[in-house]
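See below for the structure under consideration.
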Amino acid sequence: MAEITTLHYLVVAAALLIIGTIGVLTRRNVVIILMSIELILNAVNLNLVAFSRLYGLHGQIFAIFIITDAAAEAAVGLGIIIAFFRNKETINVDEADLLKW
Amino acid sequence: MNPVATPIFFYGLSFAAIAFAIAVITRRNAVHAALSLIGTLISLAGLYLMLYAPFVAAVQIVLYAGGIMVLFLFVIMLVNLDQNIREIQFNRQWLVGLVVALALGGLLLFVIRQGKVIFPLHEVADLPEGINTQMVGMTLYGPYMLPFEIASLLLLVAIVGAVVMAKKRI
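Residue numbers (the numbering used here), protein chains in the order written: chain E, 1128 to 1228; chain X, 29 to 198.
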């Protein structure tokens, strides 16, 4: 079999990013939308680490920063979900219309 | 050091990652989706190991699969999903969303095809994996000192924000 190059990793990362985008755009459940955002962040991480093999360590450092950001985003997002569920007794995004006029 | 059986591991891990990711966005039960997401994260940690990044792989397992997913499971437990399972899982614009996402995928593949000429994507560099953690630490506390401190501030703000959001009465 042929040797695995950076190109292979880029294609896998693109596939993960597309799956995450489909999840964000089509699901109604907010928790699963947040999980799809985690999928997108992981696709970006895979890209960064794959390029860090060619261009030095900076990609890995950025991947660590993105993991930190994902932790912060998940904490705040899930807090918002809990507050929303307390107000509306649902977690479907299309029923979140408090700001709609 | 020469890696052994690299293509088999690569194709196995990436197939597992993509299959678990598809399971994440199609499962009806949110707990099943969270467990599938853990599968994706662990497969990606294996891919990081194959890319000579053992520190990022360890951080991925400890922080993502260990920390963030526990947070997700806690929230799934707190919000009652019993009636949500019986509802329609996809919104009304799902066809448009699917088309837009697939168009984005076609664009990405086109860019990757074109970028083969510009980027040296076919070279395979050999990085020293034995001192990877040491080099990451030196870089993180050297040139990336200020972003590191800003990240700690961001985490503090996120903790305060999460507590304020989830608290009943402030």
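Idealized CB from N, CA, C, for every residue including glycine. Remember, predicted model here, so these are calculated numbers, not experimental data.
Tell me whether residue i sits in a helix, a strand or coil according to DSSP, three-state version.
i          : result
MET29(X)   : Residue confidence for MET29(X) is low, a pLDDT of 46 falling below 50, so the modelled location carries little weight; the figure read from the coordinates is stated next. Three-state DSSP puts MET29(X) in coil, outside helix and strand.
PHE147(X)  : coil
ARG1155(E) : coil
ASN1172(E) : helix
Cβ closer than 7 Å: which chain X residues qualify as neighbours of residue i?
i          : result
ASP1221(E) : ASN119
VAL1138(E) : ILE140
Look at the alpha carbon of residue i and the alpha carbon of residue j, and state the distance between them as a whole number of angstroms.
i          : j          : result
LEU65(X)   : LEU1173(E) : 15 Å
PHE100(X)  : LEU1152(E) : 20 Å
MET29(X)   : ILE113(X)  : With a pLDDT of only 46 at MET29(X), under the threshold of 50, the placement of this residue in the model should not be trusted; the figure read from the coordinates follows. Distance between the alpha carbons of MET29(X) and ILE113(X): 50 Å.
VAL185(X)  : GLU1130(E) : 45 Å
LEU174(X)  : GLY1204(E) : 26 Å
ILE89(X)   : GLY74(X)   : 10 Å
ILE96(X)   : LEU183(X)  : 13 Å
GLY1186(E) : GLY170(X)  : 15 Å
ARG1180(E) : ILE1193(E) : 18 Å
GLY1183(E) : THR1132(E) : 16 Å
ASN160(X)  : TYR92(X)   : 20 Å
ALA194(X)  : ALA1202(E) : 10 Å
PHE176(X)  : ASP1221(E) : 38 Å
LEU77(X)   : ASN1169(E) : 15 Å
ILE1191(E) : VAL84(X)   : 7 Å
LYS196(X)  : GLN121(X)  : 34 Å
ALA179(X)  : GLY94(X)   : 20 Å
GLN142(X)  : PHE118(X)  : 35 Å
ILE1218(E) : GLU115(X)  : 11 Å
GLY165(X)  : LEU123(X)  : 46 Å
ILE1207(E) : GLU1165(E) : 16 Å
PRO82(X)   : THR1148(E) : 28 Å
ALA62(X)   : LYS1227(E) : 30 Å
LEU79(X)   : THR167(X)  : 18 Å
ALA1141(E) : LEU137(X)  : 8 Å
LEU1137(E) : VAL1171(E) : 10 Å
ALA190(X)  : LEU1225(E) : 20 Å
At 8 Å on the CB atoms, spell out the chain E contacts of residue i, in chain order.
i         : result
VAL107(X) : VAL1158, ILE1208, ILE1209, PHE1212 and ILE1218
LEU65(X)  : MET1162, GLU1165 and LEU1166
VAL164(X) : LEU1184, GLN1187, ILE1188 and ILE1191
ILE116(X) : ARG1155
LEU181(X) : Result: empty, since nearest Cβ-Cβ is about 10 Å, beyond 8 Å.
MET193(X) : VAL1203, GLY1206, ILE1207, ILE1209 and ALA1210
VAL52(X)  : ILE1146, GLY1150, ILE1159, MET1162, SER1163 and LEU1166
THR161(X) : Those within 8 Å of THR161(X) in chain E number zero; the least Cβ separation is about 10 Å.
GLY189(X) : ALA1202, VAL1203 and GLY1206
With a threshold of 6 Å (Cβ to nearest heavy atom), would residue i be considered close to the ligand HEM?
i          : result
GLY1186(E) : Absent from the structure shown: the ligand HEM. Ligands present: none.
Would you mind telling me which residues of chain X sit closer than 9 Å to residue i, beta carbon to beta carbon, in chain order?
i          : result
LEU1173(E) : ALA45, LEU72, LEU75, TYR76 and LEU79
LEU1226(E) : Per Cβ cutoff of 9 Å: no residues; LEU1226(E) is ~16 Å from chain X at best.
Strictly below 7 Å CB to CB, what residues from chain E border residue i?
i         : result
GLY125(X) : ILE1149, LEU1152 and THR1153
TYR172(X) : ILE1188
ALA86(X)  : Per Cβ cutoff of 7 Å: no residues; ALA86(X) is ~11 Å from chain E at best.
GLY94(X)  : Going along chain E, no residue has its Cβ under 7 Å from GLY94(X), so there is no contact; the nearest lies around 11 Å.
ILE104(X) : VAL1158
VAL145(X) : Those do not exist, as VAL145(X) stays about 12 Å from chain E at its closest Cβ, beyond 7 Å.
VAL128(X) : LEU1152
GLY133(X) : ALA1141 and ILE1145
**Prompt:** Quick one: any contact between the region 38–57 of chain X and the region 1206–1215 of chain E, if contact means 3 or more CB pairs under 8 Å?
**Reply:** No contact exists between the region 38–57 of chain X and the region 1206–1215 of chain E.
**Request:** Evaluate the contact criterion for the region 120–133 of chain X versus the region 32–41 of chain X: three or more CB pairs, one atom per stretch, below 8 Å.
**Result:** Counting C-beta pairs with one atom in each stretch, the region 120–133 of chain X and the region 32–41 of chain X have fewer than three that are closer than 8 Å, which means they do not touch.
**Asked** Hey, which unbroken runs of the beta strand (DSSP E) at 3 residues or more fall wholly within the region 1171–1223 of chain E?
**Response** As far as the region 1171–1223 of chain E is concerned, it has no whole beta strand (DSSP E) run of at least 3 residues.
**Prompt:** Whole alpha helix (DSSP H) runs in the region 30–82 of chain X with 4 or more residues, listed along the chain?
**Reply:** With a minimum length of 4 residues, the continuous alpha helix (DSSP H) runs that stay inside the region 30–82 of chain X are 34–54 and 58–78.
**Touch test, the region 1150–1169 of chain E against the region 49–63 of chain X, Cβ-Cβ under 8 Å, three pairs minimum** = For the pair of segments examined, the region 1150–1169 of chain E was found to touch the region 49–63 of chain X: the number of CB pairs separated by less than 8 Å reaches three.
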